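Chains as they are written, first to last, in the numbering used here: chain R, 13 to 334; chain H, 13 to 334; chain E, 13 to 334.
Glycine included, each C-beta is placed from N, C-alpha and C at the ideal position.
None of these values were measured; they are calculated from a predicted model.
The structure appears below as structure tokens.
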Amino acid sequence: MPRKFQIGDQLPVLVDRIVESYYADDRTRHLDRVHLPSRRETIEIVQMLLELVYPGYYGRQNLTRHNVRFHVGELLPKIAEKLYEQIFQALCWAREFEGCPQPDGPACESTQLTSCDRLARERTMRFLERIPEIREMLAADVQAAYDGDPAAVNCDEIIMAYPGVLAVTVYRFAHELHVMEVPLIPRIMTEWAHAVTGVDIHPGARIGRSFFIDHATGVVIGETTEIGDHVKLYQGVTLGALSFPKDERGRLIRGQKRHPTVRDGVTIYANATVLGGQTVLGRGSVIGASVFLTTSTPEQASVRLKDPDLQVATRDGAKTAS
Amino acid sequence: MPRKFQIGDQLPVLVDRIVESYYADDRTRHLDRVHLPSRRETIEIVQMLLELVYPGYYGRQNLTRHNVRFHVGELLPKIAEKLYEQIFQALCWAREFEGCPQPDGPACESTQLTSCDRLARERTMRFLERIPEIREMLAADVQAAYDGDPAAVNCDEIIMAYPGVLAVTVYRFAHELHVMEVPLIPRIMTEWAHAVTGVDIHPGARIGRSFFIDHATGVVIGETTEIGDHVKLYQGVTLGALSFPKDERGRLIRGQKRHPTVRDGVTIYANATVLGGQTVLGRGSVIGASVFLTTSTPEQASVRLKDPDLQVATRDGAKTAS
Amino acid sequence: MPRKFQIGDQLPVLVDRIVESYYADDRTRHLDRVHLPSRRETIEIVQMLLELVYPGYYGRQNLTRHNVRFHVGELLPKIAEKLYEQIFQALCWAREFEGCPQPDGPACESTQLTSCDRLARERTMRFLERIPEIREMLAADVQAAYDGDPAAVNCDEIIMAYPGVLAVTVYRFAHELHVMEVPLIPRIMTEWAHAVTGVDIHPGARIGRSFFIDHATGVVIGETTEIGDHVKLYQGVTLGALSFPKDERGRLIRGQKRHPTVRDGVTIYANATVLGGQTVLGRGSVIGASVFLTTSTPEQASVRLKDPDLQVATRDGAKTAS
Numbered sequence: 013m014p015r016k017f018q019i020g021d022q023l024p025v026l027v028d029r030i031v032e033s034y035y036a037d038d039r040t041r042h043l044d045r046v047h048l049p050s051r052r053e054t055i056e057i058v059q060m061l062l063e064l065v066y067p068g069y070y071g072r073q074n075l076t077r078h079n080v081r082f083h084v085g086e087l088l089p090k091i092a093e094k095l096y097e098q099i100f101q102a103l104c105w106a107r108e109f110e111g112c113p114q115p116d117g118p119a120c121e122s123t124q125l126t127s128c129d130r131l132a133r134e135r136t137m138r139f140l141e142r143i144p145e146i147r148e149m150l151a152a153d154v155q156a157a158y159d160g161d162p163a164a165v166n167c168d169e170i171i172m173a174y175p176g177v178l179a180v181t182v183y184r185f186a187h188e189l190h191v192m193e194v195p196l197i198p199r200i201m202t203e204w205a206h207a208v209t210g211v212d213i214h215p216g217a218r219i220g221r222s223f224f225i226d227h228a229t230g231v232v233i234g235e236t237t238e239i240g241d242h243v244k245l246y247q248g249v250t251l252g253a254l255s256f257p258k259d260e261r262g263r264l265i266r267g268q269k270r271h272p273t274v275r276d277g278v279t280i281y282a283n284a285t286v287l288g289g290q291t292v293l294g295r296g297s298v299i300g301a302s303v304f305l306t307t308s309t310p311e312q313a314s315v316r317l318k319d320p321d322l323q324v325a326t327r328d329g330a331k332t333a334s
Numbered sequence: 013m014p015r016k017f018q019i020g021d022q023l024p025v026l027v028d029r030i031v032e033s034y035y036a037d038d039r040t041r042h043l044d045r046v047h048l049p050s051r052r053e054t055i056e057i058v059q060m061l062l063e064l065v066y067p068g069y070y071g072r073q074n075l076t077r078h079n080v081r082f083h084v085g086e087l088l089p090k091i092a093e094k095l096y097e098q099i100f101q102a103l104c105w106a107r108e109f110e111g112c113p114q115p116d117g118p119a120c121e122s123t124q125l126t127s128c129d130r131l132a133r134e135r136t137m138r139f140l141e142r143i144p145e146i147r148e149m150l151a152a153d154v155q156a157a158y159d160g161d162p163a164a165v166n167c168d169e170i171i172m173a174y175p176g177v178l179a180v181t182v183y184r185f186a187h188e189l190h191v192m193e194v195p196l197i198p199r200i201m202t203e204w205a206h207a208v209t210g211v212d213i214h215p216g217a218r219i220g221r222s223f224f225i226d227h228a229t230g231v232v233i234g235e236t237t238e239i240g241d242h243v244k245l246y247q248g249v250t251l252g253a254l255s256f257p258k259d260e261r262g263r264l265i266r267g268q269k270r271h272p273t274v275r276d277g278v279t280i281y282a283n284a285t286v287l288g289g290q291t292v293l294g295r296g297s298v299i300g301a302s303v304f305l306t307t308s309t310p311e312q313a314s315v316r317l318k319d320p321d322l323q324v325a326t327r328d329g330a331k332t333a334s
Numbered sequence: 013m014p015r016k017f018q019i020g021d022q023l024p025v026l027v028d029r030i031v032e033s034y035y036a037d038d039r040t041r042h043l044d045r046v047h048l049p050s051r052r053e054t055i056e057i058v059q060m061l062l063e064l065v066y067p068g069y070y071g072r073q074n075l076t077r078h079n080v081r082f083h084v085g086e087l088l089p090k091i092a093e094k095l096y097e098q099i100f101q102a103l104c105w106a107r108e109f110e111g112c113p114q115p116d117g118p119a120c121e122s123t124q125l126t127s128c129d130r131l132a133r134e135r136t137m138r139f140l141e142r143i144p145e146i147r148e149m150l151a152a153d154v155q156a157a158y159d160g161d162p163a164a165v166n167c168d169e170i171i172m173a174y175p176g177v178l179a180v181t182v183y184r185f186a187h188e189l190h191v192m193e194v195p196l197i198p199r200i201m202t203e204w205a206h207a208v209t210g211v212d213i214h215p216g217a218r219i220g221r222s223f224f225i226d227h228a229t230g231v232v233i234g235e236t237t238e239i240g241d242h243v244k245l246y247q248g249v250t251l252g253a254l255s256f257p258k259d260e261r262g263r264l265i266r267g268q269k270r271h272p273t274v275r276d277g278v279t280i281y282a283n284a285t286v287l288g289g290q291t292v293l294g295r296g297s298v299i300g301a302s303v304f305l306t307t308s309t310p311e312q313a314s315v316r317l318k319d320p321d322l323q324v325a326t327r328d329g330a331k332t333a334s
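The structure is reproduced here in structure tokens:
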């Protein structure tokens, strides 16, 4: 039709310029390398895992004691196959990045490493064997949501609709893989949850039982955060780093404890910011909304903004009040 | 192929362990129960409703005065059928949860309740008959967005691209169903909007006309919030609960007024937090960015942070300034 | 089946009421107009552009120096065709909105404007020719993410998983089109990124090289913001407007500088709010977490909350501390 657009004789020139730009910068291209996990496949794995750990809520409905065993027997091998493939890709990707000439070979001879194939098989099985334990933790998280939110109707509603519970669930999958030193996959998982829920939990964070995040959006939990049992966070809470130590060449030092420690039974209200690897919130502390905190608190402490420093005026004339 | 992974002879054992974990905890499984609304279907209903209330923007384009009646005549029965089915499922789900032995039967004989089928038919029709009134409210909301944002080009842009308007639109659908006491569906609707827009409006909140949320991300509006007409919120505003009263056994008391009342013409700027069921923001009040407020304000009040308590230093030496 | 729901003889009445509601308000319908860009097509263009600028990460994997030229030669014409069509629709939409009787004709005779067809062809080509320069900027953004985040493993992880980088990438596409005065499309692009990442960057903002937003959720960057090189933001930062000037009839004046200027090398920590078109953050300034700022800062300034005004109590008795 008349309005169809074609680049015409400029196409080869433009293609060459773009391909040249690929070779001008190796930071933003994945060319001539073989291995990379797939984001799409990884997200599909997460969705199948949700179906596995919350049966009847995600994916297939109408499960009964008669059909559930067949359902799991069908679902589990599919998850295993996909998860194995992505773990394998991620392990090979890391070796390729480190310069291994044949990352998917039987082993890197020079380094005597176990083959990625064997590692991926082992870790896939170890992850799947952890499913019952993960489910135990998730049940406590769901219960914590019910206990912590007066608007909650029942556990069905929480599993079907609470973004904080979804974010924590995906974090628990990702953390298992992180602990097994599976690269990249855990982060892709938590960033998918971040996109859907607004909660950014780094897979490296360590989080205890019965954890609940209400309203969810804007929560950030950094890589080296440690959280005890029965902790409750509200929207917009940051558990972050105070500043980053650099080495003598001005480069960031990676891997230090940069994020807070939160003891059992702590509650942190909306939009509070708690920073620093040395900051410890004592057992049972309550941190008020909008508090900015870079120091530790004693046990059972209650920290809140002082009488808020506000200026209140009306159109009839200015008055200052609390 | 060589790299394909199979669980092998451990499969039956693993399946059994996982199925046992389902029966170990009834909070995180939906087994041997018949009724549950479908999240996927509910989201599809929301998208069809968007097509119905904003014709030509969502879904089918190129509508004219010649074809629009046929378009609506085709779309409406599809919505009705799906909505009926989900409302029916939700009503049966609630009765099943309460122990009714045959929730989808003609009636629970013991309680003399109207059958879920009949209730679902009535509520579906009542909802659809409200569409013109809902459209009137939405038009006022779109106008409020245009009047409130100097960056807005026209109403087309607002309907096509403003997340705050999308969140409020979905809330208005959900609130209608909430008022009719349809369980679960309203919350699934608003949590879909929450995921897409970052705005968490509980379906139970009561919100007047000409409501606008600019930039949207991070806004939380709790279940018992009351908002008048011509109110404007910015990103990150929380209208939340101060603390939750518990009964003598330490359990949360559900159903009390826990969230603020916001009168006509109030503006609340970015990241302000207003808490408490007794907190009333008087007509025409302006609450500044980042303000934390747990007390009421008079009419026409202007509340803002005092000269900000900041510490300003430069590398040449420390100076304290505003 | 027995439970299928049909509206029945009330259908024609209901359809008429809804169609009447369309004609009662021209703000919320797109009827009897021909032109409107498609959100779905626009989002597909963004995804194809991501595949083009980050080869091997998005879309097709396993690119090599042997097949990459063919891949680009196939992808580029597809993008061009779709982008042309949407730009054409957007230009016609704007003319139709302004009352042009035949916006897709050879030209509006009365105004001697170039035809939308020709303008769309020119702008599509100009955009595509900018791809190598856009890639240069993106490489610097990716590097800034690596340099700025101690948790970052390598550039692959950043491109695959960092929402801040995704938001900035989509902004850079949208800004190019905004500069060429393509209506509506840029905003649809950035609002898609907003939905996925929680970062709201207006396409009109001007942002220098090596820009990084960590954790991403809740960041708002207004239309007239100017940002220099090597600037770093954290989650929840607002660069917003202080108040809106109105004309003598009380209508918002559009198009003025309402948002801050941020000079080279500035860092702004989590949840800080910086407002006002006259506010300039001097070169190298550091703005602390949760700071609320409406005044300019000198070069190399460090602005943070004073010793936080907190009230700390324990259950044994109240104590006031820092």
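message: List, in chain order, every chain R residue whose beta-carbon is nearer than 8 Å to that of residue 315 (chain E).
response: For the C-beta of residue 315 (chain E), not a single chain R residue is nearer than 8 Å; the gap to the nearest is close to 13 Å.
task: Pull up the DSSP beta-bridge partners for residue 324 (chain H), would you.
output: DSSP lists E:315 as the beta-bridge partner residues of residue 324 (chain H).
message: At the level of alpha carbons, what is the spacing between residue 75 (chain H) and residue 81 (chain H)?
response: Cα atoms of residue 75 (chain H) and residue 81 (chain H): separation of roughly 9 Å, rounded to the nearest angstrom.
task: Mind checking who residue 238 (chain R) pairs with in its DSSP beta bridge?
output: Note: residue 238 (chain R) sits in a beta bridge opposite R:218, R:273.
- prompt: Taking three-plus beta-carbon pairs below 8 Å as touching, is the segment 28-47 of chain R in contact with the segment 107-119 of chain R?
  reply: Result yes; three or more Cβ-Cβ pairs closer than 8 Å.
message: I'd like to check one pair, residue 57 (chain E) with residue 23 (chain E): are the Cβ atoms closer than 8 Å?
response: Taking 8 Å as the cut-off, the beta carbon of residue 23 (chain E) is found no closer than this to the beta carbon of residue 57 (chain E).
- request: Could you tell me how far apart the beta carbons of residue 160 (chain H) and residue 244 (chain H) are, in whole angstroms, since I believe they sit closer than 8 Å?
  value: With 8 Å as the limit, residue 160 (chain H) and residue 244 (chain H) qualify as a contact, their Cβ atoms being about 5 Å apart.
message: By DSSP's criteria, residue 305 (chain H) is part of a beta bridge. Which residues make up the other side?
response: Under DSSP, residue 305 (chain H) takes part in a beta bridge, and its partners are H:286.
message: Taking 8 Å as the threshold (beta carbon to beta carbon), is residue 239 (chain E) in contact with chain H?
response: False, the Cβ-Cβ gap to chain H never drops below 8 Å.
query: Since residue 214 (chain H) meets chain R, which of its residues come closer than 9 Å, beta carbon to beta carbon?
result: By Cβ distance, chain R contributes 163.
task: On a CA-only basis, which of R:237, R:232, R:226, R:62 is nearest residue 220 (chain R)? Give me that one, please.
output: A check of alpha carbon separations from residue 220 (chain R) across R:237, R:232, R:226, R:62 identifies R:237 as the nearest.
task: Compute the Euclidean distance between the alpha carbons of residue 19 (chain H) and residue 156 (chain H), then round it to the nearest angstrom.
output: In this structure, the CA atom of residue 19 (chain H) is about 58 Å from the CA atom of residue 156 (chain H).
message: Judging by CA-CA distance, which residue of E:131, E:126, E:185 is the nearest neighbour of residue 64 (chain E)?
response: Among E:131, E:126, E:185, the Cα nearest to that of residue 64 (chain E) belongs to E:185.
Cβ shell of residue 40 (chain E) (< 6 Å), same chain only, five flanking positions each side left out: The answer is none, since no qualifying residue turns up.
- prompt: Closest Cβ-Cβ distance between residue 89 (chain R) and chain H: below 8 Å?
  reply: The beta carbon of residue 89 (chain R) sits closer than 8 Å to some beta carbon of chain H.
query: Could you check where the alpha helix (DSSP H) with residue 8 (chain E) kicks off and where it finishes?
result: In the structure as shown, chain E begins at 13 and stops at 334. Residue 8 (chain E) is therefore absent and cannot be evaluated.
- prompt: Of the residues H:182, H:254, H:211, H:302, which one's Cα is nearest the Cα of residue 60 (chain H)?
  reply: When the alpha-carbon of residue 60 (chain H) is set against those of H:182, H:254, H:211, H:302, the nearest one is in H:182.
- request: Enumerate in chain order the residues of its own chain whose CB-to-CB distance from residue 135 (chain R) is below 8 Å, with the five nearest sequence positions on each side excluded.
  value: Cβ contact annotation for residue 135 (chain R) (same chain, cutoff 8 Å, sequence separation greater than five): 99, 189, 192, 194, in chain order.
Cα-Cα separation, residue 88 (chain H) to residue 31 (chain E): Roughly 11 Å separates the two Cα atoms.
query: Counting only beta-carbon atoms, is residue 94 (chain E) nearer than 8 Å to chain H?
result: Under the Cβ criterion of 8 Å, residue 94 (chain E) is not counted among the residues facing chain H.
field: Cβ-based neighbour list, residue 149 (chain E), same chain, cut-off 8 Å, excluding 5 preceding and 5 following
entry: The residues are 184, 221.
message: On a Cα-Cα basis, can you pick out the residue from R:308, R:145, R:212, R:230 that is closest to residue 283 (chain H)?
response: Looking at the Cα atoms, R:230 is the closest of the given residues.
- prompt: For the putative contact between residue 34 (chain R) and residue 272 (chain E), defined by C-beta atoms under 8 Å, what is the C-beta separation to the nearest angstrom?
  reply: Rounded to the nearest angstrom, the Cβ distance from residue 34 (chain R) to residue 272 (chain E) is 36 Å, too far for a contact under 8 Å.
message: Less than 8 Å between the beta carbons of residue 297 (chain H) and residue 309 (chain H), yes or no?
response: Residue 309 (chain H) sits close to residue 297 (chain H), with the two beta carbons spaced by under 8 Å.
field: Residue-chain proximity (residue 277 (chain E), chain H), Cβ-Cβ < 8 Å
entry: No, its Cβ sits nowhere closer than 8 Å to a Cβ of chain H.
- prompt: Can you round the beta-carbon distance between residue 115 (chain R) and residue 104 (chain R) to whole angstroms, since I take them to be within the 8 Å contact cut?
  reply: Yes, residue 115 (chain R) and residue 104 (chain R) are in contact; Cβ-Cβ is about 4 Å, under 8 Å.
- request: State buried or exposed for residue 126 (chain R), treating a residue as buried only when at least 16 other CB atoms are found within 10 Å of its CB.
  value: With fewer than 16 other beta carbons inside 10 angstroms of its own, residue 126 (chain R) counts as exposed.
- prompt: Hey, does residue 23 (chain E) have any beta-carbon neighbour from chain H nearer than 8 Å?
  reply: Chain H contact via Cβ: present.
query: Measuring CB to CB, does residue 274 (chain E) end up less than 8 Å from residue 239 (chain E)?
result: In this structure, residue 274 (chain E) sits near residue 239 (chain E), with a CB-CB distance shorter than 8 Å.
field: Residue closest to residue 253 (chain E), alpha-carbon to alpha-carbon, out of E:266, E:208, E:205
entry: Closest by alpha carbon: E:266.
query: Using a beta-carbon distance cut-off of less than 8 Å, what residues from the segment 128-157 of chain E approach chain R?
result: Result list: 129, 132, 133, 136, 137, 140, 141, 143, 144, 147, 148, 150, 151, 154, 155.
- prompt: Exposed or buried, which one is residue 162 (chain E) when buried takes at least 16 other CB atoms within 10 Å?
  reply: By the Cβ-count criterion, residue 162 (chain E) is buried, with 16 or more other Cβ atoms from all chains shown falling within 10 Å of its own Cβ.
- request: Determine the closest residue to residue 312 (chain H) out of H:302, H:279, H:288, with distance taken between C-alpha atoms.
  value: Of the listed residues, the one whose Cα sits closest to residue 312 (chain H) is H:279.
Minimum Cβ-Cβ distance from residue 273 (chain E) to chain H less than 8 Å: For residue 273 (chain E), no Cβ of chain H is located within less than 8 Å of the residue's own Cβ.
task: Report the residues of the segment 57-85 of chain R with a CB closer than 8 Å to any CB of chain H, ordered along the chain.
output: Within the segment 57-85 of chain R, 64, 65, 66, 67, 68, 69, 73, 74, 75, 76, 77, 80, 81, 84, 85 place their CB atoms closer than 8 Å to a CB of chain H, listed in sequence order.
task: Please work out which residues of its chain come closer than 8 Å, Cβ to Cβ, to residue 209 (chain R), disregarding the five sequence neighbours upstream and downstream, and give them in chain order.
output: Non-local beta-carbon contacts of residue 209 (chain R) in its own chain, meaning distances under 8 Å to residues more than five positions away in sequence, involve 175, 176, 178, 179, 228, 229 in chain order.
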